[in-house]
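These notes are about the structure you will find just below.
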Amino acid sequence: MKRLIFTLAALSLPVSAMAWKHTEEAWTTDDFPLKYWVADDGTAETDCEESVPPGYCATVAQQGYAAWHDAQCADFTDEYMGVCENVGYSPNNADRKNYFAFNDPGDDLKEAGTLAAALTLATGTAFILDGVPYKHSYDSDIVFNDNVKYTTHEEVLAGNCSNAFNMRTVITHEIGHTLGMGHSCEEGETCLDSDLYNATMEWTEGQCGVDAADINSDDIQGITALYGPYATFSCSHELKPGSSSTQAIGIVCEEGSADCDPFKLKCVVESTAYDELIADSAEWDWGDGETSSGLTPSHVYDTPGNYTVRAKFVGERTGCGEWDYTYRKVGYVTACGVPKSAFDIEHVDGLTYRLLNETDISVYGCIFDIQWDIFDGGTLVDSIKAWEPEYTFEEPGEYRIVLNVGGYAGTGASEMTFEAKRRRGDGRGCSTVGLGAGAMGTLLVGLFGVARRRW
Ligand SMILES: [Zn+2]
Numbered sequence: 002m003k004r005l006i007f008t009l010a011a012l013s014l015p016v017s018a019m020a021w022k023h024t025e026e027a028w029t030t031d032d033f034p035l036k037y038w039v040a041d042d043g044t045a046e047t048d049c050e051e052s053v054p055p056g057y058c059a060t061v062a063q064q065g066y067a068a069w070h071d072a073q074c075a076d077f078t079d080e081y082m083g084v085c086e087n088v089g090y091s092p093n094n095a096d097r098k099n100y101f102a103f104n105d106p107g108d109d110l111k112e113a114g115t116l117a118a119a120l121t122l123a124t125g126t127a128f129i130l131d132g133v134p135y136k137h138s139y140d141s142d143i144v145f146n147d148n149v150k151y152t153t154h155e156e157v158l159a160g161n162c163s164n165a166f167n168m169r170t171v172i173t174h175e176i177g178h179t180l181g182m183g184h185s186c187e188e189g190e191t192c193l194d195s196d197l198y199n200a201t202m203e204w205t206e207g208q209c210g211v212d213a214a215d216i217n218s219d220d221i222q223g224i225t226a227l228y229g230p231y232a233t234f235s236c237s238h239e240l241k242p243g244s245s246s247t248q249a250i251g252i253v254c255e256e257g258s259a260d261c262d263p264f265k266l267k268c269v270v271e272s273t274a275y276d277e278l279i280a281d282s283a284e285w286d287w288g289d290g291e292t293s294s295g296l297t298p299s300h301v302y303d304t305p306g307n308y309t310v311r312a313k314f315v316g317e318r319t320g321c322g323e324w325d326y327t328y329r330k331v332g333y334v335t336a337c338g339v340p341k342s343a344f345d346i347e348h349v350d351g352l353t354y355r356l357l358n359e360t361d362i363s364v365y366g367c368i369f370d371i372q373w374d375i376f377d378g379g380t381l382v383d384s385i386k387a388w389e390p391e392y393t394f395e396e397p398g399e400y401r402i403v404l405n406v407g408g409y410a411g412t413g414a415s416e417m418t419f420e421a422k423r424r425r426g427d428g429r430g431c432s433t434v435g436l437g438a439g440a441m442g443t444l445l446v447g448l449f450g451v452a453r454r455r456w
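For the sequence shown, the positions run 2 to 456 when my numbering is used.
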């Protein structure tokens, strides 16, 4: 059987997907009903597609939209507005009207084998789904190719199809793209899962097909994820509450420290469908191997790290049954331990040395101040705020070098007594001595004012 491909411009997809995909372009509730026009005046003089009866194009567009409403939990609406001119799309056609055009009037579909294409223009952010920002669609035109033989869904069902494509399956697929659906399986991808292979959004379409006229379970899950009920969360310790880029930062207690408030993250669920949520079914993954359930969970972080928090919510809605939604905040939690300062010194040339910073920065975002203090005897001779400076001593002799590191969880310091000698670059390594808490008080004299903060 001859198989042609649908195309979709500007679609970027993750490589390893196990289910439906999105174009990461979508509409918001303010855009509904999604209004569309069809280049079909019912006369088949110049408009629509000559291989189907007059008026069929306008009918099939409405049937294509109707097919997507099998996803009963997906709250989008659409409205057929009437006839438009049969014009091609181009980047200039950003009139914020969604057209269906036929016979490729703008000569846009040059790729051989293309049945039809949806071109969606999007800007800004519609919403963030599972940590991914989706662009806000504002114009989506669907163009059918020239020189393709089409037939109607009814003719295919009646067994009167040969070497033709079912216009209804093709239009339902393209409307899926307009709504924000990507291909369940993409060209070149092995598609072993029958749900993905049989989805309307699978990338190919055979001649005389009928199945893609109705969306399947994979299509339903994908469109429900876009427009169905959803829930998000926010937690305590947020740096910029309400911002999409906000993070929750806290200080992890060191083992054995008596006087320390644990870093306890308390979260609340936000949803317009809050009353539908089944509390016991909410599952939380804190990113550190621990999990919780419920709608007002809390969690104590006791190991420094950057963590992604993921929550799966389950709800029950009259008319559409049980729905679920997974929301993820990538790198949301920064759990900081007290900075562990460490350094080494490397000879460069003459009395010039490089101060090699070996402070543990494996947890991103915890340290924001670095200061090297150079002491000659008891006198502070220099302070440098840089990660790994080169330093030239004025005279040969013995110096004490202190590296102070400051961040959310307070300060840490380490020191080294060091003899600066004038010589050619031959390299020399030393090791620092970490300072105990008792010694720190005196050594931090002159340190930038980093108080031990709690968030
Ligand atoms: Zn497609």
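C-beta: ideal position from N, C-alpha, C; glycine also.
Below 8 Å on the Cβ atoms is my guess for residue i versus residue j; work out the distance and round it to an integer in Å.
{"i": "Phe234", "j": "Ile252", "result": "With a Cβ gap of about 22 Å, Phe234 and Ile252 do not count as contacting."}
{"i": "Ser138", "j": "Ala27", "result": "6 Å"}
{"i": "Leu352", "j": "Thr393", "result": "5 Å"}
{"i": "Ala117", "j": "Asn146", "result": "6 Å"}
{"i": "Thr24", "j": "Thr121", "result": "7 Å"}
{"i": "Phe128", "j": "Phe77", "result": "Going by Cβ atoms, the distance from Phe128 to Phe77 rounds to 13 Å, so no, they are not a contact pair."}
{"i": "Thr153", "j": "Gly210", "result": "Their Cβ separation, rounded to whole angstroms, is 13 Å, which puts Thr153 and Gly210 out of contact at 8 Å."}
{"i": "Cys236", "j": "Cys268", "result": "4 Å"}
Note down the Cα distance separating residue i from residue j, rounded to an integer number of angstroms.
{"i": "Asp105", "j": "Asp325", "result": "40 Å"}
{"i": "Thr297", "j": "Leu130", "result": "21 Å"}
{"i": "Pro390", "j": "Gly413", "result": "18 Å"}
{"i": "Asp383", "j": "Ile375", "result": "5 Å"}
{"i": "Val88", "j": "Ser272", "result": "42 Å"}
{"i": "Ala421", "j": "Leu357", "result": "15 Å"}
{"i": "Gly290", "j": "Phe314", "result": "19 Å"}
{"i": "Trp373", "j": "Lys341", "result": "14 Å"}
{"i": "Cys321", "j": "Asp370", "result": "54 Å"}
{"i": "Ala213", "j": "Ala165", "result": "15 Å"}
{"i": "His70", "j": "Ile221", "result": "9 Å"}
{"i": "Tyr37", "j": "Asp96", "result": "12 Å"}
{"i": "Glu317", "j": "Ser293", "result": "21 Å"}
{"i": "Met182", "j": "Asp286", "result": "27 Å"}
{"i": "Met168", "j": "Asp140", "result": "22 Å"}
{"i": "Val39", "j": "Arg329", "result": "39 Å"}
{"i": "Glu206", "j": "Cys49", "result": "21 Å"}
{"i": "Met441", "j": "Pro134", "result": "Low confidence applies to Met441: its pLDDT is 37, below 50, so where it sits in the model is not reliable, and the reading given next is rough at best. Rounded to whole angstroms, Met441 to Pro134 spans 45 Å at the Cα level."}
{"i": "Ala20", "j": "Gly132", "result": "17 Å"}
{"i": "Glu1", "j": "Gln63", "result": "The question about residue 1 has no answer here: the residues shown for the chain are numbered 2 through 456."}
{"i": "Ile172", "j": "Leu278", "result": "35 Å"}
{"i": "Ile385", "j": "Leu266", "result": "36 Å"}
{"i": "Arg425", "j": "Asp350", "result": "5 Å"}
{"i": "Ala72", "j": "Asn199", "result": "16 Å"}
{"i": "Glu239", "j": "Glu284", "result": "21 Å"}
Is residue i near residue j, with beta carbons less than 7 Å apart?
{"i": "Ala249", "j": "Tyr333", "result": "yes"}
{"i": "Ser218", "j": "Asp194", "result": "no"}
{"i": "Gly65", "j": "Ile176", "result": "yes"}
{"i": "Cys74", "j": "Gly229", "result": "yes"}
{"i": "Tyr354", "j": "Asp377", "result": "no"}
{"i": "Asn307", "j": "Thr327", "result": "no"}
{"i": "Asp41", "j": "Ala59", "result": "yes"}
{"i": "Ala410", "j": "Val339", "result": "yes"}
{"i": "Asp31", "j": "Tyr90", "result": "no"}
{"i": "Tyr151", "j": "Val61", "result": "no"}
{"i": "Glu155", "j": "Cys162", "result": "no"}
State buried or exposed for residue i, treating a residue as buried only when at least 16 other CB atoms are found within 10 Å of its CB.
{"i": "Glu203", "result": "buried"}
{"i": "Glu188", "result": "exposed"}
{"i": "Cys367", "result": "buried"}
{"i": "Arg311", "result": "buried"}
{"i": "Cys261", "result": "exposed"}
{"i": "Asn405", "result": "buried"}
{"i": "Met82", "result": "exposed"}
{"i": "Asn99", "result": "buried"}
{"i": "Gly428", "result": "Unreliable placement is indicated for Gly428, whose pLDDT of 48 sits below 50; no coordinate value is reported for it."}
{"i": "Gly398", "result": "exposed"}
{"i": "Pro242", "result": "exposed"}
{"i": "Val331", "result": "exposed"}
{"i": "Tyr275", "result": "exposed"}
{"i": "Val388", "result": "With the sequence shown as reference, residue 388 is identified as Trp, and Val is not the correct amino acid for it. Per the 10 Å Cβ criterion, exposed."}
{"i": "Lys136", "result": "buried"}
{"i": "Ser185", "result": "buried"}
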